[in-house]
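The block underneath contains the structure these notes are about, expressed in structure tokens.
So, in structure tokens, the structure goes:
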């Protein structure tokens, strides 16, 4: 399962089961790119402990169609807000193990401030608006991960430091 | 009208989608109330805040939003990706 979308000439958004290669993603942000002086990227990994229990793996479900649309919207909003040039956003779905990569967000820009902020913004909005759901396997069985207030509150910083 | 469910809500309701007889257009609040009537045992899971709603694959926060015939409507728990 793979869905790849171009939101412009320079952006890449994918929802896929397959793993990704950070070196390849970094190269895609950097290659033939003479105007940018900054690349910032974030990777999210499957953690062993979550919400008080030992986790042995997880399954990621999504809403095909809406997920890609939501990610395009978030990347589009970030591009409207900061002078960023390239964005690469990959989110995996399906069955994952401890330490597996879940998500990659990479942003290039002329200067670091915009790249840092846009990368952070994209992750904060992805956590709240993109329809993905994690189901963890623990010693007590499977459980759906609960959404956290701190993730919701993370959006506040983008709503107040703006004007 | 057909309504899609995802993740924990899909499992708790025991179906990935259901068909509800309702005259359209109708507000999101009306559709939510009809859904609660259809699944009285799981009413608390379907309230605003517990179950998010999307119309045509857009997240909708306004319970007065209008749903027309042919719209794709989905309900699901708060998201937990990333």
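Protein chains in written order, with this note's numbering: chain A, 1 to 163; chain B, 1001 to 1082.
Note that CB positions come from ideal geometry on N, CA and C, so glycine has one too.
1) Just to confirm, are residue 1053 of chain B and residue 1006 of chain B a CB contact at a threshold of 8 angstroms?
2) Does residue 111 of chain A pass the burial test, meaning 16 or more other C-beta atoms within 10 Å, or should it be called exposed?
3) CB residue 50 of chain A to CB residue 136 of chain A, shorter than 8 angstroms?
4) Any beta-carbon of chain B closer than 8 angstroms to the one on residue 127 of chain A?
5) Compute the Euclidean distance between the alpha carbons of residue 174 of chain A and residue 75 of chain A, then round it to the nearest angstrom.
6) Counting contacts by CB-CB distance shorter than 8 angstroms, is residue 60 of chain A in contact with chain B?
7) Is residue 140 of chain A helix, strand or coil when you go by DSSP?
8) Could you compute how far the alpha carbon of residue 114 of chain A sits from the alpha carbon of residue 1001 of chain B?
9) Between the region 12 to 22 of chain A and the region 1046 to 1064 of chain B, are three or more C-beta pairs nearer than 8 angstroms?
10) Going by DSSP, what residues sit across from residue 11 of chain A in a beta bridge?
11) Could you name the residues of the region 100 to 122 of chain A whose beta carbon sits closer than 8 angstroms to any beta carbon of chain B, in the order they occur along the chain?
12) Are the C-beta of residue 1007 of chain B and some C-beta of chain A separated by less than 8 angstroms?
13) For residue 1008 of chain B, I'd like the list of residues in its chain whose CB is within less than 7 angstroms of its CB, leaving aside the five on either flank, ordered along the chain.
14) DSSP three-state call for residue 35 of chain A: helix, strand or coil?
15) Can you have a look at residue 1017 of chain B and say buried or exposed, based on whether 16 or more other CB atoms are within 10 angstroms of its CB?
16) With H, G and I counted as helix, E and B as strand and the rest as coil, what does DSSP make of residue 166 of chain A?
17) For residue 73 of chain A, which option in A/123, A/25, A/16 has the closest C-alpha, if you only look at C-alpha atoms?
18) What is the DSSP secondary structure of residue 149 of chain A, reduced to helix, strand or coil?
19) Please name the residue in A/99, A/98, A/71, A/129 whose C-alpha comes closest to that of residue 88 of chain A.
This is what the structure holds:
1) Their beta carbons are not under 8 angstroms apart, which means residue 1053 of chain B does not touch residue 1006 of chain B by this criterion.
2) Residue 111 of chain A should be labelled exposed.
3) Yes, they are a contact pair.
4) Interface residue, yes.
5) Past the boundaries of the shown model lies residue 174 of chain A; chain A is included only from 1 to 163, so the question cannot be answered.
6) Among the residues facing chain B, residue 60 of chain A is included, as its CB has a counterpart in that chain under 8 angstroms away.
7) If DSSP states are grouped into helix, strand and coil, residue 140 of chain A belongs with coil.
8) Their backbone Cα atoms lie some 45 angstroms apart in a straight line.
9) The region 12 to 22 of chain A makes no contact with the region 1046 to 1064 of chain B, as fewer than three CB pairs between them are under 8 angstroms.
10) Answer is A/87.
11) Identification of residues in the region 100 to 122 of chain A having a C-beta nearer than 8 angstroms to some C-beta of chain B yields 102, 103, given in sequence order.
12) Residue-level contact check: residue 1007 of chain B touches chain A, since one or more beta carbons of chain A fall below 8 angstroms from its beta carbon.
13) For residue 1008 of chain B, the CB contacts under 7 angstroms within the same chain, skipping 5 residues up- and downstream, are 1077 in chain order.
14) Coil, per DSSP.
15) Around the beta carbon of residue 1017 of chain B, fewer than 16 other beta carbons sit within 10 angstroms, so the residue counts as exposed.
16) This structure does not reach residue 166 of chain A, given that chain A is present from 1 up to 163, and the question cannot be answered.
17) Distances from the alpha-carbon of residue 73 of chain A to those of A/123, A/25, A/16 put A/123 closest.
18) DSSP places residue 149 of chain A in helix when its eight states are reduced to three.
19) Taking only the C-alpha atoms, the option nearest residue 88 of chain A is A/71.
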